[in-house]
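Engineer:
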Amino acid sequence: MYNRCTLVEFRGVWVSSVYNIDWPKTLNDPEAQKQEFIEILDKLKSLNINAIFVQIRSTSDALYKSYINPWSKYLTKEQGKDPGYNPLQFMIEETHKRNMEFHAWLNPYRITTQGTDLNELAPNNPARIKPEWVLEFDNSLFYDPENPEVIEYVAVTVYEIIKNYDVDGIHFDDYFYPYNYPLPEGEDRDGEVANNRREAVNNLIRLVYKVIKSTKPSVQFGVSPFGIWKNKSSDTIGSDSNNLESYYDVYMDTLTWIDEHIVDYIAPQTYWTTDNNNSNYEVMVSWWNDVVKDSGVRLYIGQNISDLDIANEIERQIEINREYENVSGNILFSANNIMDNTDNVVLQLKEAYNCKAILPTKFDYK
């Protein structure tokens, strides 16, 4: 047992609403949904976790009263149906009562996870109103990242949230372009089309950062990309890994975001074990630690405790994080595994987080 008392550390947990993975488990019942969320918060608080990331926009929808996007079907089973209360306002208030940070997690482009019929969406869904914004791939729909109106729409969505709600952060995950989205015939992954896709995503990140900092500068903005930027075999400054590459596979140029400081933090999904030969956990943490050095961008490590092999060694992984000076903490996927105590993960977290920690955001690091 390590029993290391770390005074300053970010300790976050993702709470997924898509497919009702983590919350809410009950539909059409405001009081039951509230109680479920309180139970999650109280459990996390008891483990000295100090931040929560709730997916308030998973499929061009909202877990809050919005004048832009429809109510989420994951509240009532019907997109656009008023759930009878404002979940986001409730969740923020309960989170802050416990002196924890609340981060609003959004999927900027995804419209559906399955199905391509726009008529099945709520009448006020922007995708239904503006079908020219929509692209189809693999029996699902997403907004065209290269469309300037889409970029503006996502930024306005963020503006509405930070203007009306006391969120501590805005958070995007790894879903930008769909994984395996093909290039036109004759185009290669470093060609004009691929570069235009990456630049379109860069432009979204730039605009969202600008909107946040010009509206409410205290709100943090960060992204959780797939844990590999490029493999060393593709680029000499890439990581010593052999796996998917976010730069090529989903057109996320995270190093540009860090260089331009258009994110406050980066939270790479290093969803591997310490004995993985293709993407070794410590090798990846070390690589990201070096990438953010002297950048002013914080580094939180994303860890997947829904994977039994990772859950089994999560205490060791957290200890590895602490060995690197530029790692400011971690985010765990996901709350469900803590509530269900996957592979006895709660005992390990009690040991890893055996004392309270101050949030790094309480300190001026710029």
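Using full-length UniProt numbering, read the sequence shown as starting at 1 and increasing by one per residue.
Cβ coordinates follow ideal geometry from the N, Cα and C atoms, glycine included.
Please give the ranges of any alpha helix (DSSP H) in the region 118 to 193, keeping only runs that are unbroken, at least 4 residues long and fully inside the region.
Structural biologist: Runs found: 126 to 129, 148 to 164.
Engineer: Are the CB atoms of residue 116 and residue 136 within a distance shorter than 8 angstroms?
Structural biologist: Yes; because the gap between Cβ atoms is below 8 angstroms, this pair is in contact.
Engineer: Give the DSSP-derived three-state secondary structure of residue 31 in the structure shown.
Structural biologist: Of the three classes helix, strand and coil, the one that applies to residue 31 here is helix, per DSSP.
Engineer: Using only the alpha-carbon positions, how far apart do residue 348 and residue 191 sit?
Structural biologist: Using only the alpha carbons, I get a separation of about 46 angstroms.
Engineer: Return the bridge partner residues of residue 313 from the DSSP annotation.
Structural biologist: Paired residue(s): none; residue 313 is not in a bridge.
Engineer: Note down, in chain order, each residue of its chain lying with its Cβ closer than 6 angstroms to the Cβ of residue 368, except the 5 sequence neighbours on either side.
Structural biologist: With the chain covering only 1 through 366, there is no way to say anything about residue 368.
Engineer: Per the DSSP calculation, residue 12 is bridged to which residue(s)?
Structural biologist: Beta-bridge pairing links residue 12 to 51, 331.
Engineer: Give the straight-line distance between the Cα atoms of residue 141 and residue 60, rounded to the nearest whole angstrom.
Structural biologist: Cα-Cα distance, rounded: 10 angstroms.
Engineer: Is the beta carbon of residue 299 closer than 8 angstroms to that of residue 265?
Structural biologist: Yes; because the gap between Cβ atoms is below 8 angstroms, this pair is in contact.
Engineer: Return the chain-ordered list of same chain residues with a C-beta closer than 7 angstroms to the C-beta of residue 318, the five sequence neighbours on each side being excluded.
Structural biologist: 330, 352.
Engineer: Can you name the start and end residues of the beta strand (DSSP E) that residue 304 belongs to?
Structural biologist: Taken as a continuous stretch (DSSP letters only), the beta strand (DSSP E) holding residue 304 covers 298 to 304.
Engineer: Exposed or buried, residue 107, counting other C-beta atoms within 10 Å across all chains shown (16 or more means buried)?
Structural biologist: Buried, because 16 or more other Cβ atoms sit within 10 Å of the Cβ of residue 107.
Engineer: For the beta strand (DSSP E) that residue 282 lies in, which residues bound it at each end?
Structural biologist: Taken as a continuous stretch (DSSP letters only), residue 282 belongs to no beta strand (DSSP E), being part of the alpha helix (DSSP H) at 281 to 291.
Engineer: Which class does residue 349 belong to by DSSP, given the choice of helix, strand or coil?
Structural biologist: Three-state result, residue 349: helix.
Engineer: Does the beta-carbon of residue 237 have 16 or more other beta-carbons within 10 angstroms, so that it is buried, or is it exposed?
Structural biologist: Looking at its Cβ environment, which holds fewer than 16 other Cβ atoms inside 10 Å, residue 237 is exposed.
Engineer: Starting from the Cα of residue 194, find the closest Cα among 253, 167, 231, 233 and give me that residue.
Structural biologist: Considering only alpha carbons, the answer is 253.
Engineer: Can at least three beta-carbon pairs, one atom from the region 53 to 72 and one from the region 82 to 93, be found at a separation below 8 angstroms?
Structural biologist: A contact exists between the region 53 to 72 and the region 82 to 93.
Engineer: Pair every Cβ in the region 337 to 344 with every Cβ in the region 311 to 326, then say whether three or more of these pairs are closer than 8 angstroms.
Structural biologist: Contact holds: three or more Cβ-Cβ distances are below 8 angstroms.
Engineer: Classify residue 240 as buried or exposed, calling it buried when 16 or more other Cβ atoms lie within 10 Å of its own Cβ.
Structural biologist: When all chains shown are included, residue 240 counts as exposed.
Engineer: Per DSSP, residue 226 forms a beta bridge with which residues?
Structural biologist: In DSSP, residue 226 forms a bridge with 269.
Engineer: Would you mind stating whether residue 306 and residue 16 have Cβ atoms separated by less than 8 angstroms?
Structural biologist: Not in contact: residue 306 and residue 16 (Cβ atoms no closer than 8 angstroms).
Engineer: Which full runs of the beta strand (DSSP E) of 3+ residues lie inside the region 44 to 115, going along the chain?
Structural biologist: The qualifying runs are 51 to 57, 101 to 106.
Engineer: Compare the beta carbon distance of residue 74 and residue 175 with 8 angstroms and say whether it is the shorter of the two.
Structural biologist: Contact flag unset, no.
Engineer: Any idea what DSSP makes of residue 277, helix, strand or coil?
Structural biologist: Looking at residue 277 - three-state DSSP - the assignment turns out to be coil, as it is neither helix nor strand.
Engineer: Rounded to the nearest angstrom, what separates residue 228 and residue 189 at their Cα positions?
Structural biologist: So the alpha carbons of these two residues sit roughly 16 angstroms apart.
Engineer: Express the C-alpha separation of residue 215 and residue 158 in angstroms, rounding to a whole number.
Structural biologist: Rounded to the nearest angstrom, the two C-alpha atoms are 10 angstroms apart.
Engineer: Rounded to whole angstroms, what is the Cα-Cα separation between residue 270 and residue 10?
Structural biologist: Each residue's Cα considered, the two are about 16 angstroms apart.
Engineer: What's the gap between the Cα of residue 93 and the Cα of residue 36?
Structural biologist: Their Cα atoms are separated by approximately 15 angstroms.
Engineer: In terms of alpha-carbon separation, which member of 134, 5, 139 lies closest to residue 148?
Structural biologist: When only C-alpha atoms are compared, the closest one is 134.
Engineer: Among 249, 327, 273, 303, which residue has its Cα nearest to the Cα of residue 287?
Structural biologist: With distances taken between Cα atoms, residue 287 lies closest to 327.
Engineer: Leaving out five residues on either side along the sequence, give the residues of the same chain with a beta carbon under 8 angstroms from the beta carbon of residue 30.
Structural biologist: 83, 84, 85.
Engineer: Residue 1 to residue 125, Cα distance in whole Å?
Structural biologist: Low confidence applies here, because residue 1 scores a pLDDT of 44, under 50, leaving its location unreliable; read the following figure in that light. Taking the straight line joining both Cα atoms gives about 51 angstroms.
Engineer: In whole angstroms, what separates the C-alpha of residue 204 from that of residue 291?
Structural biologist: Each residue's alpha carbon lies about 22 angstroms from the other.
Engineer: Between residue 33 and residue 24, what straight-line distance do the alpha-carbon atoms span, to the nearest angstrom?
Structural biologist: Going from the Cα of residue 33 to the Cα of residue 24 covers about 6 angstroms.
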